[in-house]
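Student: Here the sequence shown is numbered in numbering that gives the first Met the number 0, starting from 0 and rising by one per residue.
Here a beta-carbon is modelled for each residue, glycine too, at the ideal position from N, C-alpha and C.
Remember, it's a predicted structure, so these values are computed and weren't measured experimentally.
The following block contains the structure, expressed as structure tokens.
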Amino acid sequence: MLLIACPYCGNRPEIEFSYGGEAHLVRAANPALLDDQTWTDFLYMRSNTKGVYAERWRHVRGCGRFFNALRDTTTDHFLAVYKTGEPRPALDGGDA
Ligand SMILES: [Zn+2]
């Protein structure tokens with residue numbers, strides 16, 4: 000069983016969490032001013048990284064809060080978790 004460390008609750012089983020997609024996406028201040036291609040890219044295009052990836056997660060069956068995590072997509076290991084609004088932590092090895 001995969002354990003995910005909620006930054007508010009600690010280690011909990013994976014089934015308590017919901018994946019929320021790529022982290023650190025910035026929504027345009029006024030989306031109505033964007034052209035169709037830029038808006039489409041914001042809605043649907045993601046980086047699809049092989050390796051360390053910053054993701055949003057929600058502890059749905061726990062505290063209900065969103066948080067961010069760095070996960071290695073090749074190993075499925077969580078390398079770091081951090082609260083929403085905190086900067087992405089730097090990892091040893093310079094992959095931040
Ligand atoms: Zn939690």
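1. Within the same chain, show all residues whose beta-carbon is closer than 7 Å to that of Leu33, passing over the 5 residues directly before and after it, in chain order.
2. Where do the N-terminal and C-terminal ends of the beta strand (DSSP E) with Tyr43 fall, by residue?
3. Any heavy atom of ligand 1 closer than 6 Å to the CB of Tyr18?
4. Are Ser17 and Arg57 closer than 7 Å when you measure CB to CB?
5. Classify Ala68 as helix, strand or coil using the three-state DSSP reduction.
6. Alpha carbon to alpha carbon, how far is Pro6 from Phe65?
7. Quick one: using the 10 Å Cβ neighbour count with 16 as the cut-off for buried, is Asn29 buried or exposed?
Tutor: On the basis of the coordinates in this document:
1. Locating residue 33 in the sequence shown gives position 34, counting from the first residue. Hits under 7 Å: Ala27.
2. The count along the sequence shown starts at 1 and reaches residue 43 at position 44. Premise fails: Tyr43 lies in the alpha helix (DSSP H), Asp35 to Tyr43, not in any beta strand (DSSP E).
3. As a working note, residue 18 is residue 19 in the sequence shown. No, ligand 1 has no heavy atom inside 6 Å of this Cβ.
4. Indexing the sequence shown from 1 puts residue 17 at position 18. Indexing the sequence shown from 1 puts residue 57 at position 58. Result yes, Cβ atoms of Ser17 and Arg57 sit closer than 7 Å.
5. For the purposes of this step, residue 68 is taken as residue 69 along the sequence shown, with counting starting at 1. Of the three classes helix, strand and coil, the one that applies to Ala68 here is strand, per DSSP.
6. Reading the sequence shown from its first residue, position 7 is the one you call residue 6. Reading the sequence shown from its first residue, position 66 is the one you call residue 65. Taking the straight line from one Cα to the other gives about 10 Å.
7. Taking the first residue of the sequence shown as position 1, residue 29 is located at position 30. Flag for Asn29 reads exposed.
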